[in-house]
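Protein chains in written order, with our numbering: chain Y, 135 to 568; chain P, 135 to 568. All C-beta atoms in this analysis are idealised placements derived from N, C-alpha and C, irrespective of residue type, glycine included.
Protein chains: 2
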Amino acid sequence: MVISVETMAQNAKLASYTLSSIKTAVKNRALLNIAKKIEENKQLILKENEKDLEQAKQLLENGEINQSTYNRLKLDENKMRDMVNGIKDVKKLEDPVNKKLWAMGLDTGLDLYRVSCPIGVIGVIFEARPDVIPQISALAIKSGNAVILKGGKEAYNTNLILANLIKEALSEIPEFPENVINLLFTRDDVAQMLALDKYIDLIIPRGGKSLVNYVKDNTKIPVMGHSDGICHIYIDEFADLKNAAEICVDAKVQYPSACNAVETILIHESLVENYLPQLVEELEKAGVTVKGCEKCKESVPHIVQATKEDWATEYGDKIVSIKSVKDIFDAIAHINVYGSGHTDCILSENKQCVETFMNLVDSAGVFANASTRFADGYRYGLGAEVGISTSKTHARGPVGLEGLVIYKYKLFGSGQTVAPYADGKKTFIHQRII
Amino acid sequence: MVISVETMAQNAKLASYTLSSIKTAVKNRALLNIAKKIEENKQLILKENEKDLEQAKQLLENGEINQSTYNRLKLDENKMRDMVNGIKDVKKLEDPVNKKLWAMGLDTGLDLYRVSCPIGVIGVIFEARPDVIPQISALAIKSGNAVILKGGKEAYNTNLILANLIKEALSEIPEFPENVINLLFTRDDVAQMLALDKYIDLIIPRGGKSLVNYVKDNTKIPVMGHSDGICHIYIDEFADLKNAAEICVDAKVQYPSACNAVETILIHESLVENYLPQLVEELEKAGVTVKGCEKCKESVPHIVQATKEDWATEYGDKIVSIKSVKDIFDAIAHINVYGSGHTDCILSENKQCVETFMNLVDSAGVFANASTRFADGYRYGLGAEVGISTSKTHARGPVGLEGLVIYKYKLFGSGQTVAPYADGKKTFIHQRII
């Protein structure tokens, strides 16, 4: 039966009400059953994935997709194992729902509690990787949210079998409501989804800048995600130069297309003459193309001249730009103008400089003496992430389970009216309970 | 000097970086100085307010504004005192910035902290009441946010003098950055502001449905607020009928135009025959016009027949609709369809029913046995509020200081790179510090 996107969203909304107060044990049983179902149907999933890969090969040959998209699309035994373990890991995480976050006694017999609860219905739009489906589904289930998932069309068959297996696994848990996991297929579906602010509470676009901007331009629904990952490393005059180059190389080459890879290195001007040549050498040895400002080129003439555009570019490749800065404030100002609020790092052994940098750089992650590549939900110990947010409301940085909940206020009274408080006949006691 | 809205927003953004790490003592000194400045210039403020009132009288005579708008515009000694006390109250609140919310040791010498920080630049659009300016300014200063305020044009002179006095008071605190408090005047200014997602991090519209919808339709910036306040009271079969009518009357007449006033009363069908006539009598005695569903009319024939539209109407006046429901689930379903997610209440002495209602009603405030009029930042003990949010991200219900902050992740390393962890040569310890 084909239903409209609106009906799907409406059903998801209804499901979300029931789901919001389901017991942790039931959610955990659901997660284990999904893991089991995926494990049992490994061959079937790989067969469906093979269909997608057949078509993708054509697209690859025609140059319509690149090798890295093809690789991300391809499932193998290792990825299947990670997928199943990922679901089991989410099961182990603490349930973020129904936590008493704060409580205040307003008066005798009038107690107010702020209690965590799911957001409701979350729309997630992502690109080729089919392993996103079980990951997001697991996080949604544990946090009590219904989801509407739209994957890349290249992964059509793999996404479909995965979503169907998850739905089947959930249907085997009697206490679990229907319509929690929903799958969309076309761009037109997405356009319709973005209009459904009545039913959908949050949209998470996981993809490039153009996807994120398209979503923001076309919806009233709150959007959580990041469009750019223009990360910086500032090498301070008080940096420990022993491992500075190593950190820069790691932040660039360990996974150059990741959003948390470094794009621009800012270097204190006192280091340009004596240290920069060594840094460039190390980067080039690692296969990185180095671009630099005029002052940098004076010290290392063979590097490519950087233009103003470079400071605002996410290369997503083994390219890095280097700029000399007068002092830490110059570095901070550059980052706050050209950065994307993702992750920025200072290399310095001076505590005061580290503190100044961390306070004044307005990014989701401010690091001292560690690679920007640590900005990741798993590495942060959040368990798993639905994405990285550069927004400044709700959740910032890698978003795990906690970013998928909000709260409601529960007020337990015993017949109170407001009038006597407004008239001054009664006064609030306002005593913190929690 | 007249500057463009864009320059204003850019300056506010720059101010926000410095403001984010200003000491509590400095913020408190700034607040006290504002309170003092307003107190000292009371006569001047009242004189400027008189100018606005002169013009408003004309508008009132022409029917362009109503008496309640005129009343809200008018300042007097009492409102001036409340204004000054309000600022002093915010000074007393705990600083919400720079709190360590969570911390995790990732490995030896690699510690991650989630630390609260201001959102950045907040745009607030509000209607006639000039007392909003000191209130929002105080909350912004305490939470370390720069603000751009746009008040109602009817309060032009009062808003201008208040904003100027606040700016003057801030300029006398040497550690305090410039451009923290900014004032806009025209609708065209607002349109320009909504396009500045580069500089503005959050928009709070405080006004009617049409303002909120206009804002949501015209910006990529996250919006926090509420468009409707369709609040319900459900009188359960297990309600203590002694005070049920009193709570309903309070929730309706204590301030009928407030967003937390009740609009629809749902009554368990078992109470329609014997209890409803008494309830209607009490409401009518308090001057309330009662509308009702067919079943209710059978019991109390003289009440106005309610139509489906009534269930979706915020009367903002001494009118209430009453609907008979089969059971608690019927009540919950009605609220989740027709409510606005603001505040909904159950009257019941049955613990199970209260729990079910509170878990399944998807509203910012779910109350048991207390008037919906308690939904308010001051009454909740939050100190003051910037508004009430029916959104389901970031902050929900009355939004106080805590709703004006977000967090950043601070990672303190000692030279770590990601490669050895990715290669399996090192493993994360992930030990909670906080």
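Can you say whether isoleucine 567 of chain Y is buried or exposed, counting buried as having 16 or more other CB atoms within 10 angstroms of its CB?
Exposed, by the Cβ-count rule.
Neighbouring residues, chain Y, relative to isoleucine 338 of chain P (Cβ below 9 angstroms)
Result: empty, since nearest Cβ-Cβ is about 11 angstroms, beyond 9 angstroms.
Suppose you measure from the CA of alanine 502 of chain P to the CA of valine 488 of chain P; what does that come to, to the nearest Å?
Taking the straight line joining both Cα atoms gives about 6 angstroms.
If we count Cβ pairs, one from each stretch, closer than 8 angstroms, do we get three or more for the stretch 233-251 of chain Y versus the stretch 476-495 of chain Y?
No, because fewer than three Cβ pairs between the stretch 233-251 of chain Y and the stretch 476-495 of chain Y fall closer than 8 angstroms, the two stretches do not touch.
State yes or no: is the beta carbon of phenylalanine 310 of chain P nearer than 7 angstroms to at least one beta carbon in chain Y?
It does not; no Cβ of chain Y falls within 7 angstroms.
Shortest alpha-carbon distance to leucine 413 of chain P belongs to which of P:Lys386, P:Ala378 and P:Ile156?
The shortest CA-to-CA distance from leucine 413 of chain P to any of P:Lys386, P:Ala378 and P:Ile156 is the one to P:Ala378.
What are the boundary residues of the beta strand (DSSP E) that includes glycine 248 of chain Y?
The sequence shown places arginine at residue 248 of chain Y, rather than the glycine named in the question. From DSSP, the beta strand (DSSP E) with arginine 248 of chain Y extends over 244-252.
To the nearest angstrom, how far is it from the Cα of phenylalanine 310 of chain P to the Cα of glutamate 483 of chain Y?
If you take the alpha carbons of phenylalanine 310 of chain P and glutamate 483 of chain Y, they lie about 29 angstroms apart.
Secondary structure of isoleucine 369 of chain Y, DSSP reduced to three states
Secondary structure at isoleucine 369 of chain Y: strand, using DSSP grouped into helix, strand and coil.
Assuming the contact rule is C-beta atoms closer than 8 angstroms, threonine 423 of chain Y and lysine 452 of chain Y should be a hit. Round their C-beta distance to whole Å, please.
Confirmed, Cβ separation roughly 6 angstroms.
Under 7 angstroms, Cβ to Cβ, is there at least one residue of chain Y near isoleucine 540 of chain P?
So yes, isoleucine 540 of chain P belongs to the interface.
Shorter than 7 angstroms from the beta carbon of arginine 215 of chain P to some beta carbon of chain Y?
Closer than 7 angstroms: no.
Going by Cα to Cα distance, which pick from P:Val266, P:Phe372, P:Asn347 and P:Asn352 is closest to serine 361 of chain P?
Closest option to serine 361 of chain P, Cα to Cα, is P:Asn347.
Given a limit of 8 angstroms on CB to CB distance, which residues of the stretch 538-562 of chain Y reach chain P?
Hits within the stretch, in order: Ile540, Tyr541, Lys542, Tyr543, Lys544, Leu545, Phe546, Gly547, Ser548, Gly549, Gln550, Thr551, Val552, Ala553, Tyr555, Ala556 and Phe562.
Applying a beta-carbon distance threshold of less than 8 angstroms, which residues of chain P neighbour proline 230 of chain Y?
Against chain P, the beta carbon of proline 230 of chain Y has no neighbour under 8 angstroms; the closest one sits roughly 12 angstroms away.
DSSP on glutamate 228 of chain P, reduced to helix/strand/coil?
Glutamate 228 of chain P falls in the coil class under three-state DSSP.
Just to make sure I have the definition right: I need the residues of chain Y whose C-beta is within less than 7 angstroms of the C-beta of aspartate 464 of chain P. Which are they?
Per Cβ cutoff of 7 angstroms: no residues; aspartate 464 of chain P is ~14 angstroms from chain Y at best.
Could you check whether isoleucine 282 of chain Y and glycine 243 of chain Y sit closer than 7 angstroms to each other, using their CB atoms as the reference points?
No, they are not a contact pair.
What residues in its chain sit with their C-beta under 6 angstroms from that of leucine 240 of chain Y, if we drop five residues either side in the sequence?
Exclusion of the five residues before and after leucine 240 of chain Y leaves Leu246 and Phe562 as the residues of its chain whose Cβ lies within less than 6 angstroms of its Cβ.
Status (buried if at least 16 other CB within 10 Å, exposed otherwise) for leucine 235 of chain Y:
Looking at its Cβ environment, which holds fewer than 16 other Cβ atoms inside 10 Å, leucine 235 of chain Y is exposed.
C-beta atoms of valine 520 of chain P and leucine 328 of chain P nearer than 7 angstroms:
Not in contact: valine 520 of chain P and leucine 328 of chain P (Cβ atoms no closer than 7 angstroms).
Let me know if proline 264 of chain P comes out buried or exposed under the rule of 16 or more other beta-carbons within 10 Å of its beta-carbon.
Counting Cβ neighbours within 10 Å, proline 264 of chain P comes out buried, since at least 16 surround it.
Cross-chain neighbours of alanine 504 of chain Y in chain P, by beta carbon under 7 angstroms:
Within chain P, the residues placing a beta-carbon under 7 angstroms from that of alanine 504 of chain Y are Leu244, Leu545, Gly547 and Gln550, ordered along the chain.
Give the range of the alpha helix (DSSP H) segment to which valine 533 of chain Y is assigned.
Careful: valine 533 of chain Y lies outside any alpha helix (DSSP H), inside the beta strand (DSSP E) at 531-533.
Which residues does DSSP list as the beta-bridge partners of methionine 238 of chain P?
Looking at the DSSP output, methionine 238 of chain P shares a beta bridge with P:Leu246 and P:Arg566.
By the DSSP assignment, the alpha helix (DSSP H) with valine 324 of chain P in it spans what residues?
Looking at the DSSP string, the run of the alpha helix (DSSP H) that includes valine 324 of chain P is 321-328.
Report the three-state DSSP secondary structure of aspartate 335 of chain P (helix, strand or coil).
Aspartate 335 of chain P falls in the coil class under three-state DSSP.
7 angstroms Cβ cutoff met for glutamate 448 of chain P and glutamate 397 of chain P:
Annotated as proximal: glutamate 448 of chain P and glutamate 397 of chain P, with beta-carbon spacing under 7 angstroms.
Tell me which residues of the stretch 324-358 of chain P have at least one Cβ-Cβ distance to chain Y shorter than 7 angstroms, keeping chain order.
Those would be Asp335, Leu336, Lys350, Asp351, Lys354 and Pro356, in chain order.
Terminal residues of the continuous alpha helix (DSSP H) containing lysine 560 of chain P?
No residue range can be given for lysine 560 of chain P, since it is assigned to no alpha helix (DSSP H) and is classified by DSSP as neither H nor E.
Tell me which same chain residues have a C-beta within less than 7 angstroms of the C-beta of proline 532 of chain P, skipping the five on either side of it?
Counting only residues of its own chain and dropping the five nearest sequence neighbours on each side, proline 532 of chain P has a CB closer than 7 angstroms to the CB of Ala509, Asp510, Gly511, Tyr514, Leu516, Glu519 and Ile522.
Name, please, each residue of chain P whose Cβ falls closer than 7 angstroms to the Cβ of serine 525 of chain Y.
Near serine 525 of chain Y (Cβ distances below 7 angstroms), the residues of chain P are Pro356.
Segment contact, 8 angstroms Cβ cut-off, at least three pairs: the stretch 362-381 of chain Y with the stretch 545-561 of chain P:
They touch, by the three-pair rule.
Proximal residues to aspartate 223 of chain Y (C-beta, below 7 angstroms), its chain only, five neighbours per side dropped
Answer for aspartate 223 of chain Y: Gly517 and Ala518, listed in chain order.
Within this structure, are the beta carbons of isoleucine 469 of chain P and histidine 366 of chain P separated by less than 7 angstroms?
Taking the C-beta atoms as reference points, histidine 366 of chain P is found nearer than 7 angstroms to isoleucine 469 of chain P.
The beta strand (DSSP E) spanning aspartate 478 of chain P covers which residue range?
Its beta strand (DSSP E) spans residues 477-481.
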